[in-house]
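Numbered per numbering that gives the first Met the number 0, the sequence shown finishes at 684, counting up by one with no gaps.
Each residue gets a CB set at the ideal place from its N, CA and C atoms; glycine is no exception.
In what follows, a single structure is set out as structure tokens and then discussed.
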Amino acid sequence: MSMRSLLWGAIRRRASYGLLIIFLFLGLTSFSSRQQPPQAAQDAPTPHSSVTRVYWNKAPLSWNAFAPLPLGSIKPRGWLRRQLQIQANGLSGHLDEFWPDLRDSGWIGGPGESWERGPYYLDGLIPLAYTLDDQRLIDKARKWVDWTIQHQRADGRIGAELGRGTYRTVRQESDTWWPNMIMLKVLTQYQEATGDPRVIPLMEKYFNYQMKLLDQAPLREWAEHRWADEILSIIWLYNRTGNAKLLDLARKLHAQAFDWKANFADFRNKEKTTKQNLTLHSHGVNNAMAIKTSAVWWQISGDASDRDAIHQLYSQLDRYHGQATGVHSCDEHLAGLDPTQGTELCTVVEAMFSLEQDVAILGDPALADRLERITFNALPATFKKDMWAHQYDQQVNQVMCSVLKRNWTDNGPDSNIFGLEPNFGCCTSNMHQGWPKFTSHLWMATREGGLAAVAYAPSQVSAKVANGVEITIVENTDYPFRNSIRFTVQSASAAKFPLVLRIPAWAEGATITIQGANRAGVKAGSFHTIDREWKSGDVVELIFPLQLKVARWFNDGIAINRGPLLFSLPIGEQWKKVKGEEPHADWEVLPTTPWNYALEGIPAPDQSVEERAIGDSPFSPQGAPLRLKVKGRRVPGWELVDGSAGPLPMNPVRTNEPEEDLTLIPYGCTNLRVTIFPQVAPETR
Ligand SMILES: [Zn+2]
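Here it is as structure tokens:
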């Protein structure tokens, strides 16, 4: 068997998922202010933040900058809550009811898929269910968690029987290391939300079992490249038990693992990957998962070069494969800078999760800037607005989504259509973690007994601060569509603690007022600490200068940004059903209006942007909350090539076409779009 066919077999797999449904609490009623919770909510496990403590890294681990709060501490409000409810009503709330890879999963004792798809689904279902306090989803999740706990073998092994499976049969122990890593992440989240006493003993027993087997069944393939995900669970358990043997296990895994730090120190994947040179370290999702690897390992190694390796990684990924959304191209391998290359949905959600971990460990605000950029642009853009369909690959310049062979490295012809399982079912199962984990990482604990807002969206956080005082902070905002964020403290008693607010690097001139008084020393690209005694009703207001900024990308093309949002020209669209049964059918999206425009000039930084209501579907062309008027001219000769926008003309371009008024909307609201534009050459005008 050739290396290529071996790799091909290895690369054709990944995850799956499915999910949820309905919600019991409609409208904007917040978790804490609901007067009469529905019966189901009253019955739900309740030990959320108020009784679950925060665990910091225990010696000899390096000190993490922030500690994630237990799942359930942060509740979505406003548009974020509505978005999670859309997700719960879409594929996430129903996938397990009809998708064979979940319905018949070996992870609930069935004869079907027994590798990563069940755990992937749970890794998003658990945070979605407990973030929304949705009893129907909690019941779904419990079925899987209970099966795993009740079916742990005497020797510590977990998961489906060996020899089962559909597209990927789990034949030996080493095949189980990777899917088990996902299930461990599932169980840690579940334990935080419920306090279930069965989880920690299961994990101790599992790690003992794995330690005994690793010499004869070492990490390989996916587990060898994704090992940092298991280190997260090992550290989670070590911080609760202090069992030093866990750190020995971590070192053993590290010794068998792929060295991502060395990979980026001597980076070889500088071109679009070809079918002849693809490897597991040119694989897009593996690279997204690697964004956390060195920071995660630094907690154990204490080696400053591990702590700092994130900068080397991004200098290479951005330089050779960076896209305006903040996430690298990969279709399915690293694919270069051209904005018509694809980016896989698994890569989007894994990059987000990596950055959430990186921010907690390293405390670098720039990493949270990037997290928001990916979350508010790349994540919503790649879903149908009802979240019943998704793409495998999205394109920054995406002018037609159709079944057609495109210039991908090795993805199939249906990779950019919106469907149930376009190209491959990994994204179908792995996509569910995006919005829920973003929500559960908006706020984190600080070492000094305070709270940090590391990313912004309408939410509320309940936690113990200072010496155990329970407080809630309500974050009222329509950010990123609006520029103000208002925090209100709710507390039974006064408490002195630091409130830490991230000031993004793009937010030069941001202001903070406390009870109406301006605060000095607010600096872009930093965490700003307000250490004072807080009383119930205290209000902090954060105002961002949302100016338009132009960035240059491939072929010197320009993209327009406003805060964390990218703007795109939406293209008229016709949705055409390809196959499948609604609501989870597959759709092509065909263009009905021209797209080949160059921009005339550059919008002034303070040019006004029309604000529209933030409705039920803010991430849709019709529901776009912002509109930006620009002028452009069509560029004859810039035409479709193989279903994608042809080569982006080098900026500037000459054109004698008439000037037209164009309206741009946020990238995340579009389905078909042009985002990277050439400019009209001055001599043309
Ligand atoms: Zn995928």
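* To do: Take Pro59 as the anchor and find which of Pro457, Gly301, Pro435 and Glu540 has the nearest alpha-carbon.
  => Gly301
* Spatial distance of Ser49 from Glu580 (CA atoms) -> With a pLDDT of only 41 at Ser49, under the threshold of 50, the placement of this residue in the model should not be trusted, and no figure is reported.
* Assign Met695 to one of three DSSP states: helix, strand, or coil. => For residue 695 there is no data in the structure shown, the boundaries of the chain being 0 and 684.
* Asked: With a cut-off of 8 angstroms, do at least 3 Cβ pairs link the segment 108-115 to the segment 62-80?
  -> no
* Beta-ladder partner(s) of Trp586, from DSSP -> Phe417 and Lys576
* **Pair within 7 angstroms by beta-carbon distance, Asp357 and Lys271** => no
* **Minimum C-alpha distance to Ala66 - residue among Pro593, Pro126, Leu361 and Leu625** => Leu361
* Would you say Glu343 touches ligand 2, meaning its beta carbon is less than 6 angstroms from a heavy atom? -> Ligand 2 is absent from the structure shown, which contains only ligand 1.
* To do: Report the rounded CA-to-CA distance for Thr342 versus Gln394, giving the unit in angstroms.
  => 7 angstroms
* To do: Provide the residue span of the alpha helix (DSSP H) that contains Asp174, from first to last.
  => Glu172 to Thr193
* **Proximity winner among Leu161, Trp177 and Leu79, relative to Leu131 (alpha-carbon distances)** => Leu79
* Do Cys426 and ligand 1 come close, with the Cβ less than 6 angstroms from some heavy atom? -> yes
* Any chance you could list the alpha helix (DSSP H) runs of at least 4 consecutive residues sitting entirely within the segment 363-444, in chain order? => 364-372, 425-429 and 433-439
* Could you give the C-beta distance for Leu598 and Val629, rounded to a whole number, given that I count them as a contact under 8 angstroms? -> 6 angstroms
* To do: May I have the straight-line CA-CA distance separating Ile502 from Pro479, to the nearest angstrom?
  => 13 angstroms
* Asked: Per the contact definition of three or more C-beta pairs closer than 8 angstroms, is the segment 605-625 in contact with the segment 467-475?
  -> no
* Asked: Who does Pro110 pair with in a DSSP beta bridge?
  -> Paired residue(s): none; Pro110 is not in a bridge.
* Asked: What are the boundary residues of the alpha helix (DSSP H) that Ile360 is part of?
  -> Leu344 to Leu361
* **Beta-carbon gap between Tyr205 and Ile148 smaller than 7 angstroms** => no
* Asked: What residues match up with Trp533 in a beta bridge as DSSP calls it?
  -> Ala494
* From Gly325, Asn466 and Pro593, pick the residue whose C-alpha is nearest to that of His313; which is it? -> The sequence shown places Tyr at residue 313, rather than the His named in the question. The residue with the shortest Cα to Cα distance from Tyr313 is Gly325.
* **Spatial distance of Thr374 from Glu659 (CA atoms)** => 31 angstroms
* Skipping 5 residues on each side, what residues in its chain have a beta carbon closer than 6 angstroms to that of Ala222? -> Trp176 and Trp177
* To do: Tell me whether His389 is buried or exposed, calling it buried when 16 or more other Cβ atoms sit within 10 Å of its Cβ.
  => buried
* Are at least three pairs of beta-carbons, each pair with one atom in the segment 197-217 and one in the segment 237-250, less than 8 angstroms apart? -> yes
* Which residue's Cα is closest to the Cα of Ser104: Ile664, Val538, Pro118 and Leu279? -> Pro118
* Asked: Which term fits Trp407, buried or exposed, when burial requires 16 or more other beta carbons within 10 angstroms of its beta carbon?
  -> buried
* Give every residue of the same chain whose Cβ lies closer than 7 angstroms to the Cβ of Gly164, excluding the five residues on either side of it in the sequence, and list them in chain order. => Gly105, Glu112, Ser113 and Trp114
* Note down, in chain order, each residue of its chain lying with its Cβ closer than 7 angstroms to the Cβ of Gly556, except the 5 sequence neighbours on either side. => Leu647, Asn650, Ile675, Phe676 and Pro677
* To do: Compare the C-beta of Gln86 with all C-beta atoms of chain C and state if any pair is closer than 7 angstroms.
  => No chain C is part of this structure, which consists of one protein chain only.
* Assuming Leu231 contacts Val295 (C-beta within less than 8 angstroms), just tell me the rounded distance between them. => 6 angstroms
* Contact under 7 angstroms by Cβ, Val347 with Ala323 -> no
* To do: Could you tell me whether the Cβ atoms of Arg485 and Glu540 are closer together than 7 angstroms?
  => yes
* Asked: Tell me which same chain residues have a C-beta within less than 7 angstroms of the C-beta of Thr528, skipping the five on either side of it?
  -> Pro497 and Val499
* Have a look at Leu218 and Gln255 and give me their C-alpha separation to the nearest angstrom. => 6 angstroms
* Can you name, in chain order, every residue of its own chain whose Cβ lies under 7 angstroms from the Cβ of Ala264, other than the five neighbours on each side? -> Gln311
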